[in-house]
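These notes are about the structure you will find just below.
Numbering (this note's numbering), first residue to last: 71 to 173.
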(Lines of atoms letter the chains of each structure in order from A and count residues from 1; the text may use other names and numbers.)
(Lines give C-alpha, C1' and ligand atoms only; values in the text may rest on other atoms or scores of the structure.)
Protein backbone atom coordinates (compact mmCIF):
# COMPACT_ATOMS: atom_id res chain seq x y z
CA UNK A 1 0.00 0.00 0.00
CA UNK A 2 1.41 3.39 -0.98
CA UNK A 3 0.17 5.99 1.49
CA UNK A 4 1.55 9.07 -0.25
CA UNK A 5 4.14 10.28 -2.70
CA UNK A 6 5.95 13.59 -2.34
CA UNK A 7 8.85 15.34 -4.03
CA UNK A 8 11.03 17.93 -2.32
CA UNK A 9 12.46 20.15 -5.04
CA UNK A 10 15.51 21.94 -3.71
CA UNK A 11 17.07 23.75 -6.68
CA UNK A 12 20.79 24.49 -6.40
CA UNK A 13 21.59 27.77 -4.70
CA UNK A 14 18.21 28.24 -3.00
CA UNK A 15 19.43 27.12 0.41
CA UNK A 16 16.02 25.67 1.37
CA UNK A 17 16.22 23.52 4.48
CA UNK A 18 14.00 20.76 5.82
CA UNK A 19 14.00 21.26 9.62
CA UNK A 20 13.79 18.38 12.11
CA UNK A 21 10.43 16.65 11.79
CA UNK A 22 8.83 13.23 12.09
CA UNK A 23 6.91 11.93 9.10
CA UNK A 24 4.51 10.13 11.44
CA UNK A 25 3.05 13.48 12.45
CA UNK A 26 1.75 13.88 8.89
CA UNK A 27 0.07 10.46 8.70
CA UNK A 28 -3.34 9.96 10.37
CA UNK A 29 -2.91 6.20 10.77
CA UNK A 30 -2.81 3.90 13.78
CA UNK A 31 -0.90 1.96 14.66
CA UNK A 32 1.93 3.98 13.20
CA UNK A 33 3.74 1.25 11.29
CA UNK A 34 5.01 2.84 8.10
CA UNK A 35 8.30 3.75 6.49
CA UNK A 36 9.57 6.57 4.34
CA UNK A 37 11.72 5.80 1.32
CA UNK A 38 13.93 8.41 -0.24
CA UNK A 39 15.42 7.91 -3.70
CA UNK A 40 18.15 10.36 -4.67
CA UNK A 41 17.80 11.88 -8.14
CA UNK A 42 21.14 13.70 -7.77
CA UNK A 43 24.14 13.15 -5.52
CA UNK A 44 23.12 13.95 -1.99
CA UNK A 45 25.77 14.81 0.57
CA UNK A 46 26.37 17.27 3.39
CA UNK A 47 27.17 20.08 0.94
CA UNK A 48 23.95 19.83 -1.03
CA UNK A 49 21.29 19.04 1.55
CA UNK A 50 21.45 15.35 2.42
CA UNK A 51 19.08 13.85 4.94
CA UNK A 52 20.25 13.70 8.56
CA UNK A 53 18.85 11.11 10.92
CA UNK A 54 19.40 9.73 14.41
CA UNK A 55 20.59 6.09 14.12
CA UNK A 56 18.56 3.47 15.97
CA UNK A 57 15.45 5.56 16.56
CA UNK A 58 13.55 3.46 14.02
CA UNK A 59 13.87 0.43 16.32
CA UNK A 60 12.56 2.17 19.44
CA UNK A 61 8.92 2.46 20.45
CA UNK A 62 7.53 5.39 18.42
CA UNK A 63 7.51 8.64 20.36
CA UNK A 64 5.91 11.46 18.43
CA UNK A 65 7.22 14.90 19.30
CA UNK A 66 4.57 17.62 19.07
CA UNK A 67 4.99 19.68 15.92
CA UNK A 68 4.39 23.40 15.45
CA UNK A 69 3.65 25.63 12.49
CA UNK A 70 6.72 27.72 11.69
CA UNK A 71 6.87 30.46 9.09
CA UNK A 72 10.37 30.40 7.63
CA UNK A 73 10.89 31.38 3.98
CA UNK A 74 14.21 29.50 4.11
CA UNK A 75 12.51 26.17 4.88
CA UNK A 76 10.87 23.70 2.51
CA UNK A 77 8.28 22.66 5.14
CA UNK A 78 6.36 24.65 7.75
CA UNK A 79 5.16 21.93 10.17
CA UNK A 80 8.22 20.98 12.25
CA UNK A 81 9.17 19.34 15.54
CA UNK A 82 8.76 21.82 18.39
CA UNK A 83 12.35 23.06 18.90
CA UNK A 84 11.73 23.41 22.65
CA UNK A 85 11.06 19.66 22.89
CA UNK A 86 13.98 18.34 20.85
CA UNK A 87 16.55 16.28 22.74
CA UNK A 88 19.81 18.07 21.91
CA UNK A 89 21.92 15.16 23.18
CA UNK A 90 20.06 12.78 20.87
CA UNK A 91 20.37 15.15 17.91
CA UNK A 92 24.12 15.38 18.54
CA UNK A 93 24.32 11.72 17.46
CA UNK A 94 22.67 12.48 14.09
CA UNK A 95 24.49 11.35 10.99
CA UNK A 96 24.34 12.47 7.36
CA UNK A 97 23.26 9.95 4.73
CA UNK A 98 25.28 10.34 1.52
CA UNK A 99 23.54 8.97 -1.57
CA UNK A 100 24.37 8.63 -5.25
CA UNK A 101 21.68 9.06 -7.93
CA UNK A 102 19.32 6.09 -7.90
CA UNK A 103 20.14 4.97 -4.37
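Glycine is no exception: its CB is placed at the ideal position from the N, C-alpha and C atoms.
Beta carbon of residue i, beta carbon of residue j: below 8 angstroms?
i           : j           : result
residue 80  : residue 146 : yes
residue 168 : residue 114 : yes
residue 132 : residue 94  : yes
residue 124 : residue 159 : no
residue 136 : residue 155 : yes
According to DSSP, residue i sits in a beta bridge with which residue or residues?
i           : result
residue 87  : 145
residue 113 : Its beta-bridge partners do not exist; DSSP assigns none.
residue 96  : In the DSSP output, where bridge partners are listed per residue, residue 96 has none listed.
With burial defined as no fewer than 16 other Cβ atoms inside 10 Å of the residue's Cβ, what is the status of residue i: buried or exposed?
i           : result
residue 128 : exposed
residue 144 : exposed
residue 119 : buried
For residue i, which three-state DSSP category applies?
i           : result
residue 106 : coil
residue 161 : helix
residue 169 : strand
residue 154 : helix
residue 139 : strand
Does the beta carbon of residue i come closer than 8 angstroms to any beta carbon on chain E?
i           : result
residue 130 : Any reference to chain E falls outside this structure, which holds one protein chain only.
Between the Cα of residue i and the Cα atoms of the options, which residue gives the shortest distance?
i           : options              : result
residue 102 : 119, 134, 121 and 78 : 134
residue 78  : 105, 96, 116 and 109 : 109
residue 121 : 71, 83, 76 and 90    : 90
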